[in-house]
Each structure stands twice: as structure tokens, then as C-alpha cells.
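Line by line, the protein sequences are chains A and B.
Position in the first sequence (first residue = 1) + 41 = my numbering.
Position in the second sequence (first residue = 1) + 41 = my numbering.
Quick reminder that beta carbons are idealized off the backbone N, C-alpha and C, glycines included.
Protein chains: 2
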Amino acid sequence: MAQSDDEKWMALAIEASARAVEAGNRPFGATLVKDGKLLLVAENEQIVSGDCTDHAETVLVRRATAKLGAASLQGSTVYASGEPCAMCAGAMFWAGVGRIVFAASTQDISDCFGPPVLGAPCAEVLARSDPKPRIDGLLLRAEAVAVLRRAAQGSRGARN
Amino acid sequence: MAQSDDEKWMALAIEASARAVEAGNRPFGATLVKDGKLLLVAENEQIVSGDCTDHAETVLVRRATAKLGAASLQGSTVYASGEPCAMCAGAMFWAGVGRIVFAASTQDISDCFGPPVLGAPCAEVLARSDPKPRIDGLLLRAEAVAVLRRAAQGSRGARN
Chain A
42 MAQSDDEKWM
52 ALAIEASARA
62 VEAGNRPFGA
72 TLVKDGKLLL
82 VAENEQIVSG
92 DCTDHAETVL
102 VRRATAKLGA
112 ASLQGSTVYA
122 SGEPCAMCAG
132 AMFWAGVGRI
142 VFAASTQDIS
152 DCFGPPVLGA
162 PCAEVLARSD
172 PKPRIDGLLL
182 RAEAVAVLRR
192 AAQGSRGARN
Chain B
42 MAQSDDEKWM
52 ALAIEASARA
62 VEAGNRPFGA
72 TLVKDGKLLL
82 VAENEQIVSG
92 DCTDHAETVL
102 VRRATAKLGA
112 ASLQGSTVYA
122 SGEPCAMCAG
132 AMFWAGVGRI
142 VFAASTQDIS
152 DCFGPPVLGA
162 PCAEVLARSD
172 PKPRIDGLLL
182 RAEAVAVLRR
192 AAQGSRGARN
């Protein structure tokens, strides 16, 4: 069956999540797409950098701003291998991201790694926001969860 | 009447919020306190930097990590002149901040500046978190709102 564009961009985010694990970081990746074009791929960097704000989506927002300009994020779509936490959902909201698509759910992530768990679903965090980004979940969930499980086997107890 | 320690640290955060306005940024400041000692003061930097993640509390988390080490945030208290948005609440959660105290509410901020508004109250964002930081609101609210109002008069329509 032909892969949709959404699946193509999500597959790249999941590949980035696997690369993050290879690099010694947490198993999350994200892609930035605008007007049908891939602008940036980012991975979680928080273990190597030692900075807990270096989740894939927040890295993506900061790096896109620095490299491509803030306008690159306005009205864009971000594909995240894991459901964005409140920090990342907020960063994408302030950046003007128009649509957020995720694969593995917050519950999937929590099932693999346990606490600390921030817990609030992305849609709940953004429920009162104005404007309100569109949120689509669980695209290629099984593929993303497979990466989470491999990472969980390698590093029990690491932070999400 | 004698000023409590909480009021003293919050007053410094509100002073930082006023300095942020002077520097051309959004009217928010934050202080990091641990074991009764002031470790760091941060201001919103998002207009001058052009990076929408440069809210005072997120700047504080990143700078404390870089300058003082990640352990400086574990079990600390952060005083924020404005109720932390979801991004900042998440950043503080991941950093292990144990207590969050804020002055002006999300509603106060929204009343001054309007959209974009992220909206979710800090306590709601962290309601399902494990561990759950303690959150105390509205300390020196009037003083913080006075800075917000002055800033709103100077720059209608700027982003929060």
C-alpha cells in the first residue's frame, strides 16, 4: 500500500528517534514540514547535552528559529515520534505551529519508562489555547513504540 | 509589616520583569532559590533573541543547568512574576523544581495582552505529573500586574 505524505514525514521522525538512542539520548525524534517540504529533522539531545529542555520538538523549534528564521515554523506541521509533553506542546504553540502529529502516546511512553511522567495529554495542554493547533495522534504508533521498547531495554530508569 | 522570604524572592522576580520590559522584551522575570539562597535571576529574552522559547522560567532552567549544573534545580523553588505557561511548567518539571510560586495569573496576563494565549493553568498542566511540584499562586499579584499593565500600554499586540 502506498505510503501517505503524513506517514513519510512520520517515518523520518521515527528514524530520528532511533538515531537519538544510538547517540545515547532519549528515544524521540521530530520533523518540521511546511508547504509539503521537509525543513528540518531533530532528535532528543538531553542526555548528551545535560539540558532537560533538549527534547526533540523543543530542539526543533529553537534550531528552526536560529537556522531558518521564526517564520519557518508559522503554520507548519511537526511530526513527533512521541506525543509532545507540555513543554514541547507549549514551545510549538508559541512558535505558531499549525498542526502536530504524533506516533506513540504519552501512555505508551509512560508504560515503557515510568516516572518522571509529566502526564497531561497534548490535546489537553492545548485545549484552551488561542489559536488552537490541530492535533492528530497515533500515526505509525507501532513503529514508534518498537523504538521506545528497544530503548527501555537498554536504559531502565532514564528520564523521559 | 515584615516581608516574608517568599515575598523577598518574588519581589526580585517582579523587578526582573520590569528590567525585561526596559530591555525590549516581554514583562516576565523569575528567580531560582534553593536552601534559602538565591541562585539565579532570569528575565524574558524572547523579543531580543527572536526565540519564542526564551520565556523567563525556561531561560532560568537552561542557564542554571549551564552555569550551576542540573543539580542546582533539583528540589529548588522558582518564583515567577507571571503564572508559568505549559512550556515553562514542563521545563521546570523536567528540571526537578520542587515548588513553583507565581504572582500574576494566566488570566491577568491574558487580560492585558489577549491572544495568542496558551491558557492552561499551571496547576492543570502539572495535575497528572509524577512527581508533582507544589504550586502557590498570586503572591504579590498586584505588583506584578502593575508591570504587565505598563508593558501592555507600551506594546499592544506583542506576544506573551
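Please classify residue i as buried or exposed, where buried requires at least 16 neighbouring CB atoms within 10 angstroms.
i       : result
G160(A) : buried
K75(A)  : buried
A52(B)  : buried
V89(A)  : exposed
D46(B)  : exposed
G116(A) : exposed
K189(B) : For clarity, residue 189(B) is Leu in the given sequence; the question names Lys instead. Its Cβ being crowded by 16 or more others within 10 Å, L189(B) is buried.
G198(B) : Confidence at G198(B) is low in this model, with a pLDDT of 45, below 50, so its placement is unreliable and the value that follows should be read with caution. Its Cβ having fewer than 16 others within 10 Å, G198(B) is exposed.
E63(B)  : exposed
A54(B)  : buried
A59(B)  : buried
A61(A)  : buried
A97(B)  : buried
A183(A) : exposed
Considering only DSSP beta bridges, list what residue i is partnered with.
i       : result
I141(B) : V119(B), I176(B)
E84(A)  : G70(A)
V89(B)  : Paired residues: none, contrary to the question.
D171(A) : V158(B)
K78(A)  : K75(A)
Quick check on this structure: which residue in the options has the alpha carbon closest to the alpha carbon of residue i?
i       : options                            : result
G139(A) : C153(A), D171(A), D46(A)           : D171(A)
T155(B) : A164(B), V102(B), L80(B), A192(B)  : A small correction: the amino acid at residue 155(B) is Gly; Thr does not occupy that position in the sequence shown. Looking at the Cα atoms, A192(B) is the closest of the given residues.
A164(A) : C129(A), C153(A), T106(A)          : C129(A)
A105(A) : D152(A), A61(A), L79(A), E124(A)   : L79(A)
R175(A) : A97(A), L109(A), F134(A)           : F134(A)
D95(A)  : A112(A), P68(A), Q148(A)           : P68(A)
K49(B)  : L73(B), L109(B), S146(B), G91(B)   : L73(B)
L109(A) : A97(B), E98(B), D92(B), P162(B)    : D92(B)
L180(B) : I141(B), G77(B), N66(B), R169(B)   : I141(B)
Q194(B) : Q44(B), K173(B), C153(B)           : C153(B)
V158(B) : V158(A), A168(A), P162(A), D177(A) : A168(A)
If you measure between the beta carbons of residue i and residue j, is that distance less than 7 Å?
i       : j       : result
A127(B) : V119(A) : no
G70(A)  : E84(A)  : yes
A107(B) : F143(B) : no
G131(A) : L114(A) : no
V82(A)  : A57(A)  : yes
S146(B) : E124(B) : yes
V149(B) : V186(B) : Reading the sequence as shown, one finds Asp at residue 149(B) and not Val. Yes, they are a contact pair.
Looking at the C-beta of residue i, does it have a partner C-beta in chain D at a distance below 7 Å?
i       : result
A185(A) : Of the protein chains in the structure, A and B, none is chain D.
Chain-ordered residues of the segment 131-143 of chain B with a beta carbon less than 7 Å from chain A: G131, A132, F134, W135, A136
Members of the segment 78-93 of chain B that neighbour chain A once the beta carbon cut-off is set at 7 Å: G91, D92, C93
Interfacial residues, the segment 100-132 of chain B to chain A, with Cβ spacing under 9 Å: V102, R103, T106, A107, G110, A111, L114, C126, A127, M128, C129, A130, G131, A132
Near-chain B residues of the segment 162-187 of chain A (beta-carbon distance less than 8 Å), N- to C-terminal order: E165, V166, L167, A168, R169, S170, D171, P172
Positions along the segment 146-161 of chain A whose CB lies within less than 8 Å of some CB in chain B: P156, P157, V158, L159, G160, A161
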